[in-house]
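Residue numbers (the UniProt record's numbering): 1 to 198. Beta carbons are placed, not taken as given, at the ideal position from N, Cα and C, and that holds for glycine. The model shown is predicted, which means the values in this text are computed figures rather than measured ones. For reference, the structure is listed below as structure tokens.
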Amino acid sequence: MSARTSANSEQDRRAGGVTDDEIPGGLPSLLVQGVTAAAVACVGEFVCAPVYASMAHLAVVPWAMVACLLAVAYTYVVGFALLWAAQSLSHGVRDARALPFVYGGVGLFGFGAWGVFVLPAMVDSFAQPQGLAAMTTAQTVAAGFNCAVIGFVAFFLAKLAHPRLARRRGAVFAIGALTLAAAALGVFYLTRMYGVLY
């Protein structure tokens, strides 16, 4: 009887589209996905840090921590709204294999906008007090592309990681603590560098 009920439930899910159900006994999906996305975005900014640091004549490590701060703050504020939007969009998707791509698409647009409007403004705030030129249009477009890729990967992996991490509370909290620690270090470097420049 239970097997038949389970089969009927699965058929109902397929008929109405795949939903982003919570894992029984696990952490909330948005929490797990947000923490995962923040960690991936932070790693992505570390990878891109040498490019932007050279534009503003900054040391790589301080800029990398500031960029990580921006990525973590964006993910934990705007990112949760984007994840909720991705979750809502996924309700009409019938193929579960397509769900990570739905999430990735939302992350692509969300982080792409962040890369066009937020990241260049931060780079310019370090460059212009030194008498350096502001980022060009081409550089801004490149920054938007880089951040869009980071956003796609972050949200794609966030969706994939949720079922695996939902019940691993210790791992989720540890990852979250690491992202907050990196962001705090970014605040430290940000205040120090602004103190010198301004």
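Three-way DSSP call (helix, strand, coil) for residue i in this model
i, result
"His162", "helix"
"Met135", "coil"
"Pro28", "coil"
"Asp124", "helix"
"Glu45", "helix"
"Ala59", "coil"
"Val40", "helix"
"Val116", "helix"
"Ser6", "Confidence in Ser6 is poor, its pLDDT being 43 and thus under 50, which makes the residue's placement unreliable; the coordinate value appears in the next sentence. Correct three-state label for Ser6: helix."
"Val93", "coil"
"Ile23", "coil"
"Arg14", "With a pLDDT of 43 at Arg14, under the threshold of 50, the modelled position of this residue cannot be trusted; read the value that follows with caution. Helix."
Beta-carbon separation (whole angstroms), residue i vs residue j, contact threshold 8 Å
i, j, result
"Ala39", "Ile175", "5 Å"
"Ser88", "Leu99", "Contact doesn't hold; Cβ gap of about 12 Å is too wide."
"Val172", "Val35", "6 Å"
"Ala138", "Ala41", "Not a contact, Cβ separation roughly 23 Å."
"Leu165", "Val32", "5 Å"
CA nearest to the CA of residue i, picked from the options
i, options, result
"Ala181", "Ala59, Val66, Leu58, Ser29", "Val66"
"Ala142", "Asp95, Phe111, Leu82, Arg192", "Phe111"
"Pro120", "Phe109, Gly105, Thr136", "Thr136"
"Met55", "Gly186, Arg192, Arg168, Ala134", "Ala134"
"Gly25", "Phe156, Gln33, Trp114, Arg169", "Arg169"
"Gly44", "Leu30, Phe152, Arg164, Arg167", "Phe152"
"Leu108", "Leu190, Val187, Leu157, Thr191", "Leu157"
"Cys68", "Gly186, Tyr194, Leu197, Trp114", "Gly186"
Range covered by the alpha helix (DSSP H) that runs through residue i
i, result
"Ile175", "169-197"
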